[in-house]
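Just so you know, the sequences run in chain order L and Z.
Counting in my numbering, the first sequence runs from 8 upward without gaps.
Counting in my numbering, the second sequence runs from -15 upward without gaps.
Glycine included, each C-beta is placed from N, C-alpha and C at the ideal position.
Here the structure is a predicted model, which is why all the values come from computation and not from measurement.
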Amino acid sequence: MSLALAKLVGYLSRKLLHKSGETIPGKVLLTIYPRALAVLAKGRKIVLVSGTNGKTSTTKALAQVVSQLGTTVSNKTGSNLDRASATTLMSPSQYAVLEVDELYLPKLVAETQPRVVLLLNLSRDQLHRMHEVKKVAARWKAAVDAAPDTTFVGDIDDPFIGYALTNAVKSVRVSFGGRRHGDGAVCPACGKYLKWVGSNYSCSCGLTNKNFDLERRTGSAAFRNAELANIAGAVLGAPPISFAPSFLERVIERKVSQIDCSIRLVKNPASWSEALTSVKGQNVVLILNARQVDGLDTSWLWDISFESLRGKNVAVCGERAIDMAYRLHVAGIESRLESDLPGALTHFNGADSVEVLAAYTAFFKLVSS
Amino acid sequence: MSTIRIVRIHNELLGTYGDQGNAEVLAFRGKFHGISTTIIDVSFEDQLPRNGNIFLLGGAEDAAQLLSLEALKREKTLEGAIADGAVLLAVCAGFQIIGNSFWADGQQVGGLSLLDVESSPGKKRCVGEVKAKSLILNLELSGFENHSGITTLNSGAKAFAKVSSGNGNGDGHFDGAVAGNVFGTYMHGPILARNPQLADLLLTRATGRAFSQISDPLATKYAGIARKY
Chain L
8 MSLALAKLVG
18 YLSRKLLHKS
28 GETIPGKVLL
38 TIYPRALAVL
48 AKGRKIVLVS
58 GTNGKTSTTK
68 ALAQVVSQLG
78 TTVSNKTGSN
88 LDRASATTLM
98 SPSQYAVLEV
108 DELYLPKLVA
118 ETQPRVVLLL
128 NLSRDQLHRM
138 HEVKKVAARW
148 KAAVDAAPDT
158 TFVGDIDDPF
168 IGYALTNAVK
178 SVRVSFGGRR
188 HGDGAVCPAC
198 GKYLKWVGSN
208 YSCSCGLTNK
218 NFDLERRTGS
228 AAFRNAELAN
238 IAGAVLGAPP
248 ISFAPSFLER
258 VIERKVSQID
268 CSIRLVKNPA
278 SWSEALTSVK
288 GQNVVLILNA
298 RQVDGLDTSW
308 LWDISFESLR
318 GKNVAVCGER
328 AIDMAYRLHV
338 AGIESRLESD
348 LPGALTHFNG
358 ADSVEVLAAY
368 TAFFKLVSS
Chain Z
-15 MSTIRIVRIH
-5 NELLGTYGDQ
5 GNAEVLAFRG
15 KFHGISTTII
25 DVSFEDQLPR
35 NGNIFLLGGA
45 EDAAQLLSLE
55 ALKREKTLEG
65 AIADGAVLLA
75 VCAGFQIIGN
85 SFWADGQQVG
95 GLSLLDVESS
105 PGKKRCVGEV
115 KAKSLILNLE
125 LSGFENHSGI
135 TTLNSGAKAF
145 AKVSSGNGNG
155 DGHFDGAVAG
165 NVFGTYMHGP
175 ILARNPQLAD
185 LLLTRATGRA
195 FSQISDPLAT
205 KYAGIARKY
């Protein structure tokens, strides 16, 4: 009965409001039946994916891997709160691969009793909501400790993931040969100054990325996430799939104002830094918004080095373009300030291609247009 | 005066909320004023330079805050430099460190006592925009706060700004504290990026020179935008 009502609301939301309908049915269901997640998860094999960056694309890859084993449902649009999980689980299947918000992961682990949980990474993001990275990691650790039947797959080159997995009963600890972490100066386990040798950490308390179960060669975030998806799929017995890096990159190619634009999603210091290393050409547009999911406060822009843009042609736009323009100005990089992408592109008339880095909400607006 | 040395203290620990931008803004404003500046990054394992002119502390999570304090207590460099007239701007966790005491990871800890203030844990987390009238400059300051501390001022410290919206110190009145050339505040943004006149004030304190108004339209536009929370 609850389920039917929730489905009806979802149908109406799609028909009347033209929304994706990924959130509303689950929200209604959880309101009238708070234990719905546990009931819907019963008798199916649940796989959860969480992390600061790469959740949506890795979930998409992992769903493809898992779907080789049987009928699989998965979130489609990047909605990742408990209500979206509930909506996804309302469709029957043998397997469910769910992208889960970092703060909701403990709840989902406790209620859906997943077979496998894939932990990608943790770094600063939306601090108005997450507050402190260490606290998120501590909640994850408690969730891991309380789920002895779940296999946790994690990239322990990230010290916060290594910490969360410390006492996991079943885990696959993966290292890609080490990687410096922008927020990794303090040991999340004991609070000492974390000792890094090159790209590897080892603390006197024992926390290290050297005690991996699996080692893979290093690569881009997209490469690593593809590997992690296959490793998580293998826990269920799924054969690996060879993914092109572009499958896991949030990049879309669009012609805007007669110019080929490659538009990449960026959202926090870690993803901006990764995206800036990918900029190959001379023409760059940066789009900055500061809505809830972008992070309402833009202080974090000052924690990113934009040095790689020096000497390039840079235009900035978006609702908070001024924040970006001023940050670049102080770094000695002058940019063209415009309100939107077509405006920004007027500075690149005749160019073959432009690389666009777009904040979360700006990216989705462009994707849906 | 020779080159102004801007010392960014423990950026790997205190660089988690954009406050490292304060150093860049100081150097940038210095350029406008014709002052030569250099930014010196001092890590947890390094010694602080005694001859720094402007020292900067930023915000951090509890464990990082405690480590930074531990390193500063190993030496008395900062206290000595301040006694000689150096300028210090300390934000959020940094502000708490330089007070008499604060709480981190559930324990009360003694600070550097460079400001006569005490911080204690509040019941709620204060997250959002702050507007506060500077009590030093005739200026409305803006910043972003994200902390759960309540800081009370003793007789040896004056308030840095009077809060018109947001929480600041959480005492219902003020943000931050000042004593001589030592400034503490809860405002991120970074504060000097949003309020460049404050950067000019710190440069004036460090050089003893008064500066004329700078025309930087982009800075004015950035400072003036409406910020919602």
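Run of the alpha helix (DSSP H) containing Z/Arg13, from where it starts to where it stops = Membership of Z/Arg13 in the alpha helix (DSSP H) is indicated by the continuous run 5 to 17.
query = Under 9 Å between the Cβ atoms of Z/Phe28 and L/Ala192?
reply = Their beta carbons are under 9 Å apart, which means Z/Phe28 touches L/Ala192 by this criterion.
ask   = By how many angstroms is the C-alpha of Z/Arg34 removed from the C-alpha of Z/Leu137?
value = Cα to Cα, Z/Leu137 sits roughly 28 Å from Z/Arg34.
message = Less than 9 Å between CB atoms is the rule here; does L/Gly50 satisfy it with respect to chain Z?
response = Judged by the 9 Å Cβ criterion, L/Gly50 is not in contact with chain Z.
request  = Grab the span of the beta strand (DSSP E) containing L/Asp267 for me, first residue to last.
outcome  = Start and end: 266 to 273.
task = Check distances from the C-beta atoms of the segment 118 to 132 of chain Z to those of chain L and list, in chain order, the residues that come in under 8 Å.
result = Taking 8 Å as the Cβ-Cβ cut-off against chain L, the residues of the segment 118 to 132 of chain Z that qualify are Phe128, Asn130.
inquiry  = Below 8 Å, how does it come out for the segment 220 to 237 of chain L and the segment 254 to 269 of chain L: are there three or more Cβ pairs, yes or no?
reply    = Short answer: they touch.
message = Using beta carbons (cut-off 9 Å, strictly below), is Z/Asp89 in contact with chain L?
response = Judged by the 9 Å Cβ criterion, Z/Asp89 is in contact with chain L.
inquiry  = I'd like to know if the segment 126 to 136 of chain Z and the segment 162 to 174 of chain Z are in contact, where contact means that at least 3 CB-CB pairs between them fall below 8 Å.
reply    = Counting Cβ pairs under 8 Å, three or more are found: they touch.
ask   = Comparing the C-beta of Z/Asp46 with each C-beta of chain L, is any distance below 9 Å?
value = Put simply, the CB of Z/Asp46 is near chain L, with a gap under 9 Å to one of its CB atoms.
message = Quick check: the segment 106 to 118 of chain Z against the segment 140 to 157 of chain L, are at least 3 beta-carbon pairs closer than 8 Å?
response = Touching, no.
Closest by C-alpha distance to L/Thr79, when choosing among L/Asp347, L/Asp89, L/Thr63, L/Val54 = Closest option to L/Thr79, Cα to Cα, is L/Val54.
Interface residues of chain Z facing L/Glu139 [CB-CB closer than 7 Å] = Per Cβ cutoff of 7 Å: Glu45.
task = For the segment 29 to 36 of chain L and the segment 88 to 95 of chain L, state whether three or more C-beta atom pairs, one from each stretch, are separated by less than 8 Å.
result = Yes, they touch.
ask   = Would you call the CB atoms of L/Ser280 and L/Gly189 closer than 9 Å?
value = Contact flag set, yes.
query = Any idea what DSSP makes of L/Thr84, helix, strand or coil?
reply = Note: L/Thr84 maps to coil in three-state DSSP.
key: Chain-ordered chain Z contacts of L/Ala415 [CB-CB under 7 Å]   = The structure shown does not extend to residue 415 of chain L, since chain L is modelled only from 8 to 376, so the question has no answer here.
key: Closer than 9 Å at the beta carbon, the chain L residues around Z/Gly5   = Z/Gly5 reaches chain L at Ser306, Leu308, Trp309, Asp310, Arg334, Val337, counting residues in chain order whose Cβ is nearer than 9 Å.
Other residues of its chain near Z/Ala177: CB distance less than 6 Å, five sequence neighbours each side excluded = Once the five neighbours on either side are set aside, the close Cβ partners of Z/Ala177 are Gly5, Val9.
ask   = Under a CB-based cut-off of 9 Å, is Z/Thr169 close to chain L?
value = Judged by the 9 Å Cβ criterion, Z/Thr169 is not in contact with chain L.
Short CB-CB distance (under 9 Å) between Z/Thr22 and chain L = Chain L contact via Cβ: absent.
request  = May I ask you to report which of helix, strand or coil DSSP gives L/Ile163?
outcome  = L/Ile163 sits in coil when the DSSP states are folded into three classes, being neither helix nor strand.
request  = Enumerate, from N- to C-terminal direction, the unbroken beta strand (DSSP E) stretches of 3 or more residues contained entirely within the segment 91 to 122 of chain L.
outcome  = With a minimum length of 3 residues, the continuous beta strand (DSSP E) runs that stay inside the segment 91 to 122 of chain L are 102 to 106.
inquiry  = According to DSSP, simplified to helix, strand and coil, what is L/Lys148?
reply    = Note: L/Lys148 maps to helix in three-state DSSP.
key: Z/Ala74 versus Z/Ile82 - alpha carbon distance   = Put simply, the backbone Cα of Z/Ala74 is about 8 Å away from that of Z/Ile82.
ask   = With 16 other CB atoms within 10 Å as the buried threshold, where does Z/Asp68 fall?
value = Counting Cβ neighbours within 10 Å, Z/Asp68 comes out exposed, since fewer than 16 surround it.
query = Got a sec? Which residues, its chain only, sit under 8 Å from Z/Ala207 by beta carbon, not counting five neighbours each side?
reply = Closer than 8 Å at Cβ, skipping near neighbours: Ser126, Arg178, Asn179, Pro180.
query = Just curious, the alpha helix (DSSP H) that Z/Glu(-4) is in, first and last residue?
reply = Where Z/Glu(-4) is concerned, the enclosing alpha helix (DSSP H) stretches over -5 to -2.
query = Residues of chain L with a CB under 8 Å from the CB of Z/Arg109: which are they?
reply = Simply His138.
request  = Return the Cβ separation of L/Gly325 and L/Ile294 in integer angstroms, given the expectation that the two are a contact with Cβ distance under 8 Å.
outcome  = Rounded, the Cβ-Cβ distance is 4 Å, consistent with contact.
inquiry  = Suppose you measure from the CA of L/Asn400 to the CA of L/Lys114; what does that come to, to the nearest Å?
reply    = Nothing about residue 400 of chain L can be read from this structure; chain L reaches only from 8 to 376.
message = Quick check on DSSP: helix, strand or coil for L/Tyr200?
response = In the structure shown, L/Tyr200 falls within a strand segment according to DSSP collapsed to helix, strand and coil.
inquiry  = Does Z/Asp184 pass the burial test, meaning 16 or more other C-beta atoms within 10 Å, or should it be called exposed?
reply    = By the Cβ-count criterion, Z/Asp184 is buried, with 16 or more other Cβ atoms from all chains shown falling within 10 Å of its own Cβ.
request  = Determine the direct distance from the alpha carbon of Z/Ser139 to that of Z/Gln49, and round the result to whole angstroms.
outcome  = Separation of Z/Gln49 and Z/Ser139 (C-alpha to C-alpha, rounded to the nearest whole angstrom) is 25 Å.
message = Counting only Cβ pairs nearer than 9 Å, list the residues of chain Z close to L/His135.
response = Simply Val111, Gly112, Phe128, Asn130, Tyr213.
message = I'd like to check one pair, L/Val361 with L/Phe355: are the Cβ atoms closer than 9 Å?
response = Cβ distance < 9 Å, so L/Phe355 and L/Val361 count as in contact.
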